[in-house]
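Visitor: Pasting a structure here, questions to come.
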Amino acid sequence: MSSAVLSKIMAENAQKTIFKECPQFHNSQCTFTIPPCVFPEPYTAHSARLHLARVLELLRASGPQDALKEGRSPNSSLPNGKSLKRSLSNTKTEKNNQDGAPPEYLLPGSSERPLMALLPHSSQPEAPTYLRDLSLSCWNPAPGHRKLQGDFLYITVVTMEGRRFDITSCPKGFFLNRSTEEMFDPRPAQSSPVCHSLTDLLCHISPAFKQTLTTLKNRSQLPPVEVMPTPYHTLSWLGPPCASRTHKNTFSRLGVDEQSGTEAPDWNEELQAARDLPQGSLEERLQRDRALLQVNCAFVRAVKQGAETVVDSFVEPVNGNPEDPAFLWGGLFMSQGAASTMFGGERGRRAAQRLELKAVQAYSNIEGLHTLPTAVVDYRGVRLSAQGLAPGLEGSEGLLYGVNAGPQESPQRRRLLELLAQAAKSLSLQRHVVVAPNGHKVPLFTSVEAQGLLGADGRFYILDVFRTFPADANFCQEVETECWPENYHSDSGFPKSFPHGLFLHEIKHFKLSFNSFSLIHTIIYYYILYLIYIYIYNILIYLTNVCILAGDSRATKAVRAACKEVGSVSDIIFEMRFNPSVFSPEVSFPTSESKSTNLQERLLREAAAFIITHQIPAFVEYCLQSNEAPMDGVSLKLALHQRGINLRYLGHVITTISQSEHKERLRHITVRLIYKIRSVIGEIFTRSTRRVFNNFLQVLYSILLSAAVSHFLCCLLVPHFTPTPVGEETKKKSRRRGRGAGAPESSTPWSTLTGSELWNLVCQDAAETYNISDSLGSGPNHLVEHYSLQKLSLLREFCLKTGIQLRLRDYVFDNQNKAPIGPDDVLNIFPVVKHIHMPTVDASKAFSAAQNFIQKGLLDQAHEHLKEAAYLFGRVCDDLHPEACYCHSMLAKVAFVQGKAAEARSVQLKAVVISERVLGFDHPNTIQQYALLGVYAFAGGETALAQKCLLRARLLMLTVHGEDHPYTATLDSCLGLVLTGDQRGLFLKNALRLNISFFGPSHLHTALNQHLLAYWMCSKGDYRSAMTHEKEALTAFTMLGEDHPQTRCSKEFLCTITKQAVKVERSLRQAGADCTEQTVEVCPGARVISGIINLFESYKVKGKCLLISLSSLSSVSNFHI
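Start counting the sequence shown at 3; every next residue gets the next number (the numbering used here).
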């Protein structure tokens, strides 16, 4: 590893050590006072500037506002758990919530969606002011004779007392000079000390600064997880007004930017050096994982900065090709790639960049085989591929592998082929032979574009791997329709065309314990599992029919026959491989490979048909039976990808859902199907709109961005929006201001875009990509009326996908005469970076082991492994990682079931903070973490905190998706247990309505809701209604068995309220109106807690590859109502 990055990592580690001792300075990178016994090291010109940067970071007193200004998702919870007001309330909320009741916009049935309640804004205390100004003096740079005397630079300071000072930076530190605004006098001022730290000098000249700095040092300490910077940028689509950015302006004026004056790092050498670190012991592996993460994070930050610099035209291309400009910046090679007509032009180019990144991720785990650091960034409609600079070739024969590699034999080539064979085995890729352009036959372990070389650093590299994965035959028009299953083309419409030619099966990491393969493609994984079943079934049938005994040679024939049936590359073991070059029109195979090629074509057809006939129907059925429903586009994408379904099948998913309505099913199934269509339609809409938006942005100048983006959003979300001509609008503003000049004579092209034109473009893209024609309708109101989509949710999805940040305020989209979003509402456009994910091997292993123990019901062992995993995550990534969030959430859950409510509450609070910071303040996982925190807080007697957590979760849920969602029913059931009075019944009734609509009256979720509502009815004295609800609950609970604890409990409760109802009725008849009703004891605390556990029992907590449900925990603990 180079000295630059090593010194940076060492500095960061030292800084974090200091921060652990002084947590209040976690986000400050502050300096510290050197003990008197240590002689201070003299400054250099560079270290003096860095010292200024540290002081400025210290004085910023960063908070949630700073995170929002930089586009990062803030942490909106408080560490002590006594109040979540910062995340829950604005002025309006506080006024309406003084009595503890939920605000009106959080009540069931409310259509109001206030954004001001989502994030911290004016309720935040203002940052303390230390100085009026701190900037570089106008006398910079130092003249030659002063440089010879050690002057580095001159600083001007205006204190809070109104006094102006000029400061000189020198090797010994900082001192006051005699310069003024009119005269340059670098001599030291009288009685001015030379202070090694700038803050010491400022304290000497300004009592106000000294007092404020003392307050800063004594402020409350925050946990590191709340203030340490996240490894990767987490975008926030809402932000505060950006009027005050003085700290950034000062930072730039001082010339201490990270890129200034430093040598561009060699990102490839940094990454490879980190990968080459030893892995012999646990400590060495942790250090290696941490080094990899730090290098990758620094690389991603550089890519983000480089994209802004390149697209904003601050860098000139290094080549003369206007169609494919290439740029060098900060040690990065950035390019758009060539738009090949063979792959589908612009869309094919974008797909190639994305697939290259995924293939690099796949090959990055092969020991001895190296890939370049790679990332893909989208910014202002442009997609750039960023890579570290490749090392030079080792000699003239450095290109060792590929179609264009010359015939050669050497130890290096043989070693590279061994590595590629190992990678092909891991990725289930078949070795195959193709005909090169020169007519020679070339054996390959990869796609035809891939190249293997020996770098000047002595490492083996593989490049151009974007077509590593097998083709999806469903979108190959060249595939014959007669080689598919019977009626496949007429029933499904496949194979069909696609806008670009890179329709490949993408990969997901899986571990298979069956013989020889481990890392394979997602759909291929499920397809191989299907083939395993056929393979074993055929062997068993053959052995059963011929009654073969152990040791009989005919058993080998059975295995051979089964291998041939499923298409195994071996005739003695089950081993599936797939050819990545099949269905590539430009690739020629020799005639000797025809048999193998035909087999590979058959396998890929069967895998493609497997998606249509098995995976998509299974996904729809899963959605019908499970309440783990996607809340937004991210969760929908994850749910589809986990089953090997690419997003290009969204249109077919809609078709399958529409055709799944059966007459024998109840109405709630139809409602659930409409809900599923809603989620898919929303994702189609935002993805098609993003493609139109990218083309829209690419022709705009920077001066027009805010106005053009706001205009685009208005056309998108306001029905029949017709823009006001630019000239007329400018004249109106000028007339109001008393000026009549300055209006442009004609409108720019983007300003003439209307809502109807934009909608037609979006519908055209959706029809071409997803094969849907009229599902989007004629405007945004069609989506609202037919699918109950929220315009606010669509706006959020679109902003997150494009990097747009809007001003934090409430937006109204129903007024067609006024633009709801103006140019001042568009605060920024941030780069959206896709990058390689570095593994946390040992922590993930401990987490997986804990999940296995949970499945077996061994909670003590699971608890120990989860604590170990949490510790290891902290060592590698300081807990700021999605897997660390899932680990802490699981640890809290196990602790809660074990009766450790205090530990559960503490750990879950940390999980909430991590989720907000690394996933987003409104990410679906954050919603679930808030709900679980509410459960644990209520279990510990913190009713007010529990109510705030659950209301926060409901607020986020309403913003992200709306009320019509199964998880809203869960939240409302919990709120019905936490709240008091009539509002308890209001939320319980709404939860019952949602559960019936989604699952039907006989589902266990509905039954539990009926049971809780019966308790509430008893507390109100309405025994007849309570009996009705409890009878419905008992009918459903009976399906669990007559001896099930839940069934017995329901019977006992029904018997009790029946007797009580009879007594009350008899008393009323005998005593008349003067009789006082007797009430039934309602919901003891322990039963309330167990009721919440059951409510969450089927909501699963996401691990790395395994989903663990709460039902396993609740069944172990035997909790029931």
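No residue lacks a Cβ here, since even glycine has one placed at the ideal position from N, Cα and C.
Give every residue of the same chain whose Cβ lies closer than 7 Å to the Cβ of Ser891, excluding the five residues on either side of it in the sequence, and list them in chain order.
Guide: The answer, listed in chain order, is Gln910, Ala913, Gln931, Leu934, Val1103.
Visitor: Using the three-state DSSP reduction, which class does Asp326 fall into: helix, strand or coil?
Guide: Three-state result, Asp326: coil.
Visitor: Pull up the DSSP beta-bridge partners for Gln389, would you.
Guide: Note: Gln389 sits in a beta bridge opposite Phe335, Thr376.
Visitor: Determine whether the beta carbon atoms of Arg809 and Thr236 lie at a separation below 8 Å.
Guide: Cβ atoms of Arg809 and Thr236: not closer than 8 Å.
Visitor: On the three-state DSSP scale, how would you describe Thr945?
Guide: Helix at Thr945.
Visitor: With distances taken Cα to Cα, identify the nearest neighbour of Pro233 among Lys219, Tyr381, Asn298.
Guide: With distances taken between Cα atoms, Pro233 lies closest to Asn298.
Visitor: If you draw a straight line from the C-alpha of Val655 to the C-alpha of Ser777, how long is it?
Guide: So the alpha carbons of these two residues sit roughly 13 Å apart.
Visitor: With a Cβ-Cβ cutoff of 8 Å, do Leu374 and Ala392 count as a contact?
Guide: Yes; because the gap between Cβ atoms is below 8 Å, this pair is in contact.
Visitor: Under 8 Å, do Pro582 and Ser449 count as touching if we go by C-beta distance?
Guide: In contact: Pro582 and Ser449 (Cβ atoms closer than 8 Å).
Visitor: At which residues does the beta strand (DSSP E) containing Tyr463 begin and terminate?
Guide: Residues 462-465.
Visitor: Identify every run of the beta strand (DSSP E) within the region 394-472, keeping only runs that are complete inside it and at least 3 residues long; order them along the chain.
Guide: 401-403, 434-437, 443-446, 453-456, 462-465, all fully within the region 394-472.
Visitor: So for Gly241, helix, strand or coil by DSSP?
Guide: Three-state DSSP puts Gly241 in a strand.
Visitor: At which residue ranges does the region 158-227 contain complete beta strand (DSSP E) runs of 3 or more residues, listed in the order of the chain?
Guide: You should have 166-172, 175-178.
Visitor: Alpha carbon to alpha carbon, how far is Glu866 from Phe855?
Guide: So the two alpha carbons sit approximately 10 Å from each other.
Visitor: Put Asp966 into one of helix, strand or coil per three-state DSSP.
Guide: Asp966 falls in the coil class under three-state DSSP.
Visitor: Please list, in chain order, all residues of the same chain as Leu288 whose beta carbon is under 8 Å from its beta carbon, the five residues on each side excluded.
Guide: Same-chain partners within the cutoff: Asp844, Leu874, Arg877, Val878.
Visitor: When the Cα of Val305 is compared with those of Ala377, Arg356, Asp314, Asn489, which residue comes out closest?
Guide: The shortest C-alpha separation from Val305 is found at Ala377.
Visitor: Buried or exposed: where does His1013 fall if 16 or more other Cβ atoms within 10 Å of its Cβ makes it buried?
Guide: Answer is buried; the Cβ neighbour count reaches 16.
Visitor: Provide the residue span of the alpha helix (DSSP H) that contains Gln627, from first to last.
Guide: Start and end: 618-627.
Visitor: Would DSSP call Lys895 helix, strand or coil?
Guide: The answer is helix: DSSP assigns Lys895 an H, G or I state.
Visitor: Is the beta carbon of Pro319 less than 8 Å from the beta carbon of Phe329?
Guide: Yes, these two residues count as a Cβ contact at 8 Å.
Visitor: Out of curiosity, what's the CA-to-CA distance linking Leu861 and His502?
Guide: When rounded, the distance between both Cα atoms is 50 Å.
Visitor: Quick check for students: name the residue ranges of the beta strand (DSSP E) that lie wholly in the region 806-851, counting only runs of 3 or more.
Guide: Listed in chain order, the complete beta strand (DSSP E) runs (minimum 3 residues) inside the region 806-851 are 806-809, 828-831, 834-837.
Visitor: Can you name, in chain order, every residue of its own chain whose Cβ lies under 6 Å from the Cβ of Val764, other than the five neighbours on each side?
Guide: Hits under 6 Å: Ser690, Thr691, Val694.
Visitor: Quick check: what's the CA-CA separation for Val682 versus Glu285?
Guide: Roughly 46 Å between the two C-alpha positions.
Visitor: Who pairs with Phe477 in a beta bridge, going by DSSP?
Guide: None, per the DSSP bridge assignment.
Visitor: Excluding the 5 residues preceding and the 5 following His784 in the sequence, name in chain order all residues of the same chain whose CB lies nearer than 8 Å to its CB.
Guide: Cβ neighbours of His784 beyond the five flanking positions: Leu778.
Visitor: Which residues bound the alpha helix (DSSP H) around Asp767?
Guide: Looking at the DSSP string, the run of the alpha helix (DSSP H) that includes Asp767 is 757-772.
Visitor: I'd like to check one pair, Asn992 with Asp974: are the Cβ atoms closer than 8 Å?
Guide: Contact: yes.
Visitor: Considering Cα atoms alone, identify which of Arg51, Arg290, Glu106, Glu59 is closest to Val229.
Guide: Among Arg51, Arg290, Glu106, Glu59, the Cα nearest to that of Val229 is on Glu59.
Visitor: In whole angstroms, what is the alpha-carbon distance linking Asn270 and Asn648?
Guide: Near 31 Å, if we compare the C-alpha coordinates of Asn648 and Asn270.
Visitor: Within this structure, are the beta carbons of Tyr381 and Gly805 separated by less than 8 Å?
Guide: Closer than 8 Å, so yes.
Visitor: Looking only at its chain, what residues have a beta carbon closer than 8 Å to the beta carbon of Glu567, apart from the 5 residues adjacent to it on each side?
Guide: Contacts found: Ile536, Tyr537, Asn540.
Visitor: For Tyr132 and Asp168, what's the separation of their Cα atoms in angstroms?
Guide: Answer to the nearest angstrom: the Cα atoms are 17 Å apart.
Visitor: Assign Asp278 to buried or exposed, taking buried as 16 or more other Cβ atoms, counted over all protein chains shown, within 10 Å of its Cβ.
Guide: So Asp278 ends up on the exposed side.
Visitor: In the DSSP assignment, find the unbroken beta strand (DSSP E) run with Arg712 in it and report its ends.
Guide: Checking the displayed sequence, the identity of residue 712 turns out to be Ser instead of Arg. Not the beta strand (DSSP E): Ser712 falls in the alpha helix (DSSP H), residues 707-719.
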